[in-house]
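These notes are about the structure you will find just below.
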Amino acid sequence: MILANPFCSKGNRTLLEVRSQPGFQQLQAGSAYNFLDVLTFFIFRRGAALRFGAGATLAVAILVISMPFGRAQSAAPAPVEHSAADRGRILLVLPFDNRSGEPNLEWMREAAANLLSSRFASAGFAPMSRADRMYALDHLGLPEGFQPSRASAIKLAQTLDADSIIVGSFSMDGNDLVAEGQIVNVPHLRMTEPVTARGPLADMIRIFDTLAWELTRQLDPSLNVPVQTFIAAGQSLRLDAFEQYIRGITEPDQAERQRHLEQAVKLSPDFSPAWMALGREEYSTQQYEQAAQAFAKVDPNGPDALEAGFYGGLSLLFSGNYAEAQKSFAEVARMLPLAEVVNNEGVAKSRQGQDATALFVQATADDPSNADYHFNLALSLKRHGNATVALNELAQCLKLRPNDSEAQAVEAAWKNPAPVMARAGADPEAIPDPLERIVRTFDANAFRQAAQMLDQMDAARMAALDPGQRAQRLCAQAHGYLDRGLLLEAERLYREAANDDPKSTEAYVGLARVRERSGDGEGARAEAQAALQIGPTADAYVLLAQLDLTANKLPQAEQEAGSALKLDPASRTAQDLLRLIQAREGQTK
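Just so you know, the sequence shown maps onto residues 42 to 630 in the working numbering.
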């Protein structure tokens, strides 16, 4: 277990560490390992990482093992071209080379990697995190700002089990920013032709989003998403706030990092990654009340939600706000009840004078090899009158950690309290009552890998549905993304639903909504009309009416709103839209 700063790259376990564990090479002997291998290995080797209970663990194991691997498993596979479904989707995006000659644009090196990684993730790929990249560089003895050659980049990708590397550069051509990117296929050691995007420097985010679209089309030509959706994904991101965020995660000085991040959230109060980074900085400098506030601002549906909940709970715990800390840990445990989360929930509950024995029992059952969980359970049992079992748990703690001086002192006091009471003036209240032990580190990769396994289980359940049911489920997920403004994710799922069930009007209406929000009015109209060709639907008519109202085509808009109401007389949206159209018509007369 690494006990370094939990927010530095070394503080989080990576796939690299899994590969170094005993037995992994034997597991992989004679085959090219891939991500599912790693997940399978985690189930059986990392009891402290993935604890869903025996039944769930077995279910995940069977699921993962039964899934077809994306790579051939023979010792000497013949080179083959994989389909889009088989193509490896684990990516390593390296910081771009700064060829502008302008040191003040150096921050854009990491900005490029950040933007591209975000878009690739939204498009269904699995880009490695910056923390993974930093860990690998450190493991290879390379500095953080190292600019790898092609050979060293491939070595880095192989260290992280990446299927492809994204490399690139940017330069200035007058007032225009020119960005160029290429893909290195790691298994086949091939490099694609470069693609470029250019535009005014002020449109930097749009330029890299366009480049991400070009690269995505090379990675998966079957992904039929227009460039407008990629561009729309970054429209809400303020360039000045984004610059402050990138500087805030790359500056070597802690005070400077925090200053930049504070400026980022001031400029863009809804910028979730900046709040997450700020919370990390404040937590690492023991500014716990401020850290708790920052973690609370992180998007509860975003990729950092579990980590924010865990460290938000710790921040509240260290601030003395035990009730809110318990709520925070309970929310994380509801999604992923890992032992460290359940233990801390128990600590927060116990600090309020409540009986947390059941939570500590759960933690010890999930990870019986952790001495601290047995120690906490012993304290809880003793406080609530079960002294005999408490001594048994304390003995188990000492069996696991024989040199635990605090546990030794507690055991001596419990077994023979007379000398302790005599030293304390015969006052039972003076007998030392140790505090429960808190798990202070968050194994982010364990959480992510657990979440990925849950995704795999969900995907398996989806695959068992008939096409119509699967399309409905995909549309429901896409609606959630659309409501949160995640257009690229929504489009990908709507497109999958349409592919599964070409007669799904809901999928085409969803695609039309994505087109509308990305500013592609003609594309939105085409998708809505495609839905109506399948069958009449009120939602498609409402969308067409909204488009025609925007275009000031009032007669057509009124007719379409009327058609929507014929199909769904109770539709408040259609009713309000028709009133608005009629009011607009009254103004023009």
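Where is the CB? At the ideal position from N, CA and C, for every residue including glycine.
From what residue to what residue does the alpha helix (DSSP H) around residue i run?
{"i": "T251", "result": "245-260"}
{"i": "K155", "result": "The residue you asked about is not Lys; residue 155 is Asn in the sequence shown. It spans 149-163 - the alpha helix (DSSP H) in which N155 sits, taken as one unbroken run."}
{"i": "E563", "result": "562-575"}
{"i": "E532", "result": "528-541"}
{"i": "V402", "result": "398-407"}
{"i": "V430", "result": "428-441"}
{"i": "E386", "result": "380-391"}
{"i": "N417", "result": "412-424"}
{"i": "E143", "result": "First-last for E143: undefined, no H or E at that position."}
{"i": "I290", "result": "280-291"}
{"i": "Q295", "result": "295-308"}
{"i": "E330", "result": "329-337"}
{"i": "R478", "result": "Segment: none, R478 is in no alpha helix (DSSP H) and carries neither H nor E."}
Below 8 angstroms between beta carbons: does that hold for residue i and residue j?
{"i": "R160", "j": "A253", "result": "yes"}
{"i": "Q285", "j": "Q304", "result": "yes"}
{"i": "Q165", "j": "R533", "result": "As written in the sequence, residue 165 is Gly, which differs from the Gln given in the question. In this structure, R533 lies closer than 8 angstroms to G165 by Cβ."}
{"i": "I246", "j": "L280", "result": "yes"}
{"i": "G551", "j": "L528", "result": "no"}
{"i": "A397", "j": "S391", "result": "yes"}
{"i": "N417", "j": "V388", "result": "yes"}
{"i": "I479", "j": "N385", "result": "yes"}
{"i": "S277", "j": "G526", "result": "yes"}
{"i": "A318", "j": "G289", "result": "yes"}
{"i": "A519", "j": "A531", "result": "yes"}
{"i": "A273", "j": "G627", "result": "no"}
{"i": "D261", "j": "V227", "result": "no"}
{"i": "D407", "j": "A380", "result": "yes"}
{"i": "D484", "j": "P508", "result": "no"}
{"i": "L264", "j": "A198", "result": "no"}
In the DSSP assignment, the beta strand (DSSP E) including residue i goes from what residue to what residue?
{"i": "M169", "result": "No beta strand (DSSP E) contains M169, which DSSP labels as neither H nor E."}
{"i": "S205", "result": "205-214"}
{"i": "G182", "result": "That residue, G182, is in no beta strand (DSSP E); it is neither H nor E in DSSP."}
{"i": "A238", "result": "236-241"}
{"i": "Q223", "result": "217-226"}
{"i": "L133", "result": "131-134"}
Kindly list the residues whose CB is nearer than 7 angstroms to the CB of residue i, restricted to its own chain and excluding five residues on each side of it in sequence; keep chain order.
{"i": "E185", "result": "M175, L178"}
{"i": "H565", "result": "Strictly speaking, residue 565 in this sequence is Ala, with His absent from that position. Within the same chain, A565 has close Cβ partners A553, R556, E557, L584, L588."}
{"i": "A194", "result": "L135, I206, V208, V225"}
{"i": "P577", "result": "L608"}
{"i": "I287", "result": "W148, E151, A152, N155"}
{"i": "A579", "result": "A605, L608, D609, S612, A615"}
{"i": "L104", "result": "Only weak support exists for where L104 lies, its pLDDT of 35 falling under 50; the value from the coordinates is given anyway. Within the same chain, L104 has close Cβ partners Q497, M498, A501."}
{"i": "L639", "result": "Beyond the ends of the chain as shown, which are 42 and 630, falls residue 639; an answer cannot be given."}
{"i": "L476", "result": "none"}
Return the chain-ordered list of same chain residues with a C-beta closer than 6 angstroms to the C-beta of residue i, the five sequence neighbours on each side being excluded.
{"i": "A332", "result": "G320, E323, Y324, S356"}
{"i": "A167", "result": "R130, I131"}
{"i": "L573", "result": "A581"}
{"i": "V382", "result": "F370, V373, A374"}
{"i": "A592", "result": "none"}
{"i": "A598", "result": "A586, D589, L590, I622"}
{"i": "E547", "result": "C516"}
{"i": "T237", "result": "E221"}
{"i": "L619", "result": "A602"}
For residue i, does the count of other Cβ atoms within 10 angstroms reach 16, so buried, or fall short, so exposed?
{"i": "R140", "result": "exposed"}
{"i": "H415", "result": "buried"}
{"i": "M169", "result": "buried"}
{"i": "R231", "result": "exposed"}
{"i": "V430", "result": "exposed"}
{"i": "R613", "result": "exposed"}
{"i": "E563", "result": "exposed"}
{"i": "F85", "result": "Per-residue confidence for F85 stands at a pLDDT of 33, beneath the threshold of 50, marking its modelled position as unreliable; no derived number is given."}
{"i": "D217", "result": "exposed"}
{"i": "G354", "result": "buried"}
{"i": "Q393", "result": "exposed"}
{"i": "E348", "result": "buried"}
{"i": "P314", "result": "buried"}
{"i": "A192", "result": "exposed"}
{"i": "S446", "result": "exposed"}
{"i": "P378", "result": "buried"}
{"i": "R511", "result": "buried"}
{"i": "S309", "result": "buried"}
Counting only the same chain and skipping the five closest in sequence on each side, list residues whose C-beta sits under 8 angstroms from that of residue i.
{"i": "L38", "result": "No information on residue 38 is available, as it lies outside the stretch 42 to 630 that the chain covers here."}
{"i": "T200", "result": "L57, A177, H180, L181"}
{"i": "L595", "result": "D589, I622, R625, E626, T629"}
Could you check if residue i belongs to the surroundings of the ligand HEM, using beta carbon to heavy atom distance under 7 angstroms?
{"i": "V382", "result": "As presented, the structure is devoid of all ligands, the ligand HEM included, so that no description of it is given."}
At the 8 angstroms Cβ level, is residue i part of the contact set with chain B, yes or no?
{"i": "F351", "result": "Given the protein chain composition of this structure (a single chain), no chain B is represented."}
Hey, is the stretch 221-234 in contact with the stretch 205-213, meaning 3+ C-beta pairs nearer than 8 angstroms?
A contact exists between the stretch 221-234 and the stretch 205-213.
Is the stretch 269-276 touching the stretch 295-304, taking contact as three or more C-beta pairs under 8 angstroms?
By the Cβ criterion, the stretch 269-276 is not in contact with the stretch 295-304, since fewer than three pairs of Cβ atoms, one from each stretch, lie closer than 8 angstroms.
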